[in-house]
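Participant: For the sequence shown, my numbering gives the first residue as 1, with consecutive numbering after it.
Using N, Cα and C, we set each Cβ at its ideal position, and we do this for glycine too.
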Amino acid sequence: MANDQFVLSPGTVADVPGMIKVYLGAFASDPFSAFTFPREKISDEEMNRWLTERFTKTLTERREMHTFKILDTSTNTLCAFLRWSYPHTLTAAEKAIRENEQKQRTEERKQGRDPMWPMGANLDVCDGKFGGLDVLRERFVDDGEMYVAHLLATDPTYQRRGLASRLLSHVLSIADQENRKCYIEATAAGHPVYFKLGFRDVDALKVDLRPYGGDFVGVNTVMIRDPRPVS
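Quick look at the structure:
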């Protein structure tokens with residue numbers, strides 16, 4: 001294949017439909033996701049609404065977030081994307097907005113609804129997984145100093161072509177130049193890729209899914225990469 005078939009560039013709001021398609025395909029076979037977002041209880045319309053709002057908000061209202069995509073120029077298809085948060089310090093106004101969002105979320109939770117997730121999501125499992133990851137992120141991440149990889153997805157038809165590594169390496173090289181650490185939360189599928197790029201295990205989140213009809217413990221591994229010397 002020609003080297004310029006796959007082009008990396010910043011993601012935009014216009015890319016949201018393509019990102020949704022990639023996300024749904026990438027996580028369709030993820031066993032943990034089957035319990036956080038059980039598709040038999042979440043309609044296609046609701047999942048699309050939620051992802052559209054979430055992705056759009058990230059692109060337009062979170063200045064610390066930077067999304068990169070890879071486009072297959074032979075078909076004009078978005079085939080992978082990665083969302084990072086860059087080192088940052090929130091302004092007083094930004095803190096006030098997010099504190100208000102959290103208050104609103106707390107009020108809705110009292111009514112059995114969490115606006116953070118789609119209607120039909122298993123809130124107990126979401127609390128265990130995402131709440132647990134929030135705790136670990138608070139422990140290991142210095143927002144003002146570190147790069148954090150938040151969401152990486154590759155369309156299944158494009159997997160094993162090095163696209164994930166290319167997306168990661170794009171920002172890892174920036175982190176190396178700035179002598180900064182990077183943080184990522186790995187699924188079992190992603191762990192070998194991250195390990196090869198220099199990430200090391202520092203902790204793991206485990207959620208027992210047997211009370212929710214599963215027969216296993218869901219695991220996400222927390223990994224950190226120290227900066228590498230720049231030649």
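Given a cut-off of 7 angstroms, decide if residue 56 and residue 22 are closer than it, judged by their beta-carbon atoms.
Facilitator: Along the sequence shown, read from residue 1 onward, the residue named residue 22 stands at position 22. Along the sequence shown, read from residue 1 onward, the residue named residue 56 stands at position 56. In this structure, residue 56 does not lie closer than 7 angstroms to residue 22 by Cβ.
Participant: For a test of the three-state rule: what should DSSP assign to residue 145, helix, strand or coil?
Facilitator: On the sequence shown, residue 145 is found 145 positions in, with the first residue counted as 1. Three-state DSSP puts residue 145 in coil, outside helix and strand.
Participant: With residue 114 as the anchor, note down where its alpha helix (DSSP H) starts and where it stops.
Facilitator: Taking the sequence shown and counting its residues from 1, the one referred to as residue 114 is at position 114. Where residue 114 is concerned, there is no enclosing alpha helix (DSSP H), given that its DSSP letter is neither H nor E.
Participant: My guess is that residue 46 and residue 119 are in contact by the Cβ rule of under 8 angstroms, so how many angstroms apart are they, rounded?
Facilitator: Locating residue 46 in the sequence shown gives position 46, where the first residue counts as 1. Locating residue 119 in the sequence shown gives position 119, where the first residue counts as 1. Between residue 119 and residue 46 the Cβ distance is about 5 angstroms, and since that is below 8 angstroms, they are a contact.
Participant: Just reading off the beta strand (DSSP E) that residue 14 is part of, what are its end residues?
Facilitator: Working through the sequence shown from its first residue, we reach residue 14 at position 14. Segment: none, residue 14 is in no beta strand (DSSP E) and carries neither H nor E.
Participant: I need the straight-line Cα distance from residue 222 to residue 202, nearest angstrom please.
Facilitator: Mapped onto the sequence shown, residue 222 falls at position 222. Mapped onto the sequence shown, residue 202 falls at position 202. For residue 222 and residue 202, the distance between alpha carbons rounds to 6 angstroms.
Participant: Alpha carbons only, please: which of 127, 95, 126 and 157 is nearest the one belonging to residue 72?
Facilitator: Locating residue 72 in the sequence shown gives position 72, counting from the first residue. For the residues 127, 95, 126 and 157, the minimum Cα distance to residue 72 belongs to 157.
Participant: Express the C-alpha separation of residue 136 and residue 175 in angstroms, rounding to a whole number.
Facilitator: Stepping through the sequence shown from its first residue, residue 175 is reached at position 175. Stepping through the sequence shown from its first residue, residue 136 is reached at position 136. Cα to Cα, residue 175 sits roughly 21 angstroms from residue 136.
Participant: CA-CA distance, residue 5 and residue 171?
Facilitator: Within the sequence shown, numbered from 1, the residue matching residue 5 stands at position 5. Within the sequence shown, numbered from 1, the residue matching residue 171 stands at position 171. Near 20 angstroms, if we compare the C-alpha coordinates of residue 171 and residue 5.
Participant: Look at the alpha carbon of residue 225 and the alpha carbon of residue 30, and state the distance between them as a whole number of angstroms.
Facilitator: In the sequence shown, residue 225 corresponds to position 225, counting from 1. In the sequence shown, residue 30 corresponds to position 30, counting from 1. One C-alpha to the other measures close to 24 angstroms.
Participant: Taking residue 132 as the reference, which of 113, 204, 25 and 88 has the closest Cα?
Facilitator: In the sequence shown, the residue the question calls residue 132 occupies position 132. When only C-alpha atoms are compared, the closest one is 204.
Participant: Who are the near neighbours of residue 139 in its chain, counting only those whose CB is closer than 6 angstroms to its CB and skipping five residues on each side?
Facilitator: In the sequence shown, counting from the first residue as 1, residue 139 sits at position 139. So the list is empty, once near-sequence residues are dropped.
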